[in-house]
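Counting from 62, one number per residue, gives the positions in the sequence shown under the working numbering.
Glycine included, each C-beta is placed from N, C-alpha and C at the ideal position.
What you are looking at is a predicted structure, and each value in this text was computed from that prediction instead of being measured.
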Amino acid sequence: MRYASLRSAARTSSRCMCGVIRNCGCGCIVAGAIPGQPRNRRPACFQQPVRMSKPMPDAPSRVVVMAPNWLGDIVMGLPAVADIRHRFPIATLALAARGALATVYESVPGVDCVVPLAAKGNIIARSRMDAEALRSREFETAVLFPNSFYSAWVTARAGIPDRWGYRADFRGPLLTRAVRRPRGTIHRATYYQHLVRELGSPSGPPRPHVEVHERDRTSAARLLGGEGWVPPLTLVGLAPGAAFGFAKQWPPEHFGMLARLLADRGIWSLLVGAASDRDAGLQVMSAFERSADARQGTGRLLNLIGRTDIRQLMGLMTYCGSLVGNDSGATYLAAAIGLPVVAIYGPTDVRVASPLPGRDFAGTHRALSHPVFCSPCWLRECPIDHRCMTRIQPARVFHEVVQQLFPQEAPPSRESDDRSVVAASPPLKA
62 MRYASLRSAA RTSSRCMCGV IRNCGCGCIV AGAIPGQPRN RRPACFQQPV
112 RMSKPMPDAP SRVVVMAPNW LGDIVMGLPA VADIRHRFPI ATLALAARGA
162 LATVYESVPG VDCVVPLAAK GNIIARSRMD AEALRSREFE TAVLFPNSFY
212 SAWVTARAGI PDRWGYRADF RGPLLTRAVR RPRGTIHRAT YYQHLVRELG
262 SPSGPPRPHV EVHERDRTSA ARLLGGEGWV PPLTLVGLAP GAAFGFAKQW
312 PPEHFGMLAR LLADRGIWSL LVGAASDRDA GLQVMSAFER SADARQGTGR
362 LLNLIGRTDI RQLMGLMTYC GSLVGNDSGA TYLAAAIGLP VVAIYGPTDV
412 RVASPLPGRD FAGTHRALSH PVFCSPCWLR ECPIDHRCMT RIQPARVFHE
462 VVQQLFPQEA PPSRESDDRS VVAASPPLKA
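The following block contains the structure:
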């Protein structure tokens, strides 16, 4: 027979076809074993190829980044935006964001233009308007920071030839470059940089940076002056809101007691946040007034919640010496501006959600948490007693703020009933 010599070269089972299939050229016998050697479960020619980062195109002239839908995530994506800018120094770099969030990118170095996306309407109407806004600018490449199917669908509908993003939400067929998401615990800023790095652009420093324009400072100064505050009075920002859910909010009563402790020290406090945070602001004001006593100092509590846009908020932050906030967009924005922050964490993980990744956060900033068995749970509402947040006492937060404002003072004693810990997450890898 024609293949008799091949059959006689190696002993095979009744199911083995290695004796009748020619060598494929890669060093194996397809579907069988190399004569004289043990059979491999999968021959070399069937093994998965090694994943390698494919380089980005050499020179797209117009690149758009689809921004996340939350203020905190927008800030965390800024290092990845800087990486894209570094990779394409002469291309037009645009950021597409929804509603008022688009104004953040007007203060980001390296961004050439901002594409406002529709903020209202049903999903069909919004997709039509968003696709038309993108199509009219004739982008060649879209980098998708959100993992949503919607972002891939809209960019495909807009006719953008290259669409890159993480493989998620069943949108793989709509992407021309789909990147596998990293596993394990990874900081949000590193998560976005990992996407850009997998597309072929090296990662720069993972530190978000936002510049505040002088006109925003001037507008903020007018607001503060109208409330009776003038330099050089010490001012501390308080951001009691959180968009994700009530579980992320330090109790408003605690914020009120903190404001009273600061006032007794002669320090003014400023409540900031969106219109949706007004109820929390009123509760803080009420707790502040109830806690007044004979030791009342010269400090005051001002409430500008719901009275500013994002750009005015950034201007207000430049007059503060510190900001205390939950795991929220205002806290992230303050850290990106360069304002020292005291961030309070309960249901979320500081290793993932701190305003700056790793040891970059441990220098000037503080993250406070209380060790409980159920944290981090990532729930919107606490099903038990919210102990991860309620057990972080105002006195502990007050001492951390004072240390930021007056670093020459002796550090507070760690020997107290409050077991809150200052959490500085180690550097993380993708």
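Could you give the DSSP three-state label for residue i: helix, strand or coil?
i    : result
R132 : A small fix is needed here, since residue 132 is Leu in this sequence, not Arg. Three-state DSSP puts L132 in a helix.
L466 : helix
I184 : helix
C174 : strand
L162 : helix
G265 : coil
R283 : helix
S425 : As written in the sequence, residue 425 is Thr, which differs from the Ser given in the question. If DSSP states are grouped into helix, strand and coil, T425 belongs with coil.
V333 : coil
L205 : strand
I398 : helix
V126 : strand
A179 : coil
L195 : helix
S389 : coil
V273 : coil
I145 : helix
L139 : helix
S168 : helix
A414 : helix
A152 : coil
A120 : coil
V433 : coil
Would residue i be called buried (16 or more neighbouring beta carbons within 10 Å of its own) or exposed?
i    : result
F305 : buried
V291 : exposed
C435 : exposed
T246 : exposed
T279 : exposed
G88  : Any reading at G88 must be qualified, since the residue scores a pLDDT of 38, below 50, and its modelled position is unreliable; no value is offered.
T202 : buried
R457 : buried
A180 : exposed
D144 : buried
F231 : exposed
R276 : exposed
R427 : buried
T359 : exposed
D338 : buried
G220 : exposed
S389 : buried
R412 : buried
Q469 : exposed
R244 : exposed
I151 : exposed
I445 : exposed
P313 : buried
For residue i versus residue j, is the C-beta distance shorter than 8 Å?
i    : j    : result
N364 : A300 : no
L374 : V333 : yes
G298 : L384 : yes
L256 : Y227 : yes
P177 : A186 : no
R123 : F200 : yes
Y393 : M127 : no
V169 : V271 : yes
L466 : G382 : yes
R321 : S352 : yes
G414 : R249 : It should be pointed out that residue 414 corresponds to Ala in this sequence rather than to Gly. Taking 8 Å as the Cβ cut-off, A414 and R249 qualify as a contacting pair.
P416 : A396 : yes
V175 : L195 : no
L377 : L331 : yes
D370 : A161 : yes
T379 : I366 : no
Out of curiosity, what's the CA-to-CA distance linking residue i and residue j?
i    : j    : result
V111 : E259 : Caution is warranted here: a pLDDT of 35 is assigned to V111, below 50, making its placement in the model unreliable, and no coordinate value can be reported.
P401 : S430 : 17 Å
A303 : Q310 : 6 Å
I184 : A158 : 16 Å
P55  : I135 : With the chain covering 62 to 491 only, the question about residue 55 has no answer from this structure.
R198 : A282 : 37 Å
W329 : E461 : 16 Å
G182 : M190 : 10 Å
L156 : R238 : 19 Å
L236 : V463 : 50 Å
L296 : G261 : 44 Å
P408 : A120 : 44 Å
P96  : T153 : Residue confidence is low: P96 scores 40 on pLDDT, short of 50, so the model does not pin down where it sits. No coordinate-derived value is stated.
Q344 : H315 : 10 Å
Quick check: is any heavy atom of the ligand ZN less than 7 Å from the C-beta of residue i?
i    : result
C381 : In the structure on display, the ligand ZN does not appear, and there are no ligands present to speak of.
Could you name each continuous beta strand (DSSP E) segment of 3 residues or more that falls completely within the region 344-385, going from the start of the chain to the end? 362-364
Output the residue ranges of the alpha helix (DSSP H) runs that lie fully inside the region 284-329 and measure 4 residues or longer, sorted by chain position. 313-325
Ranges of the beta strand (DSSP E) found wholly within the region 213-270, counting only runs of at least 3: 223-227 and 238-240
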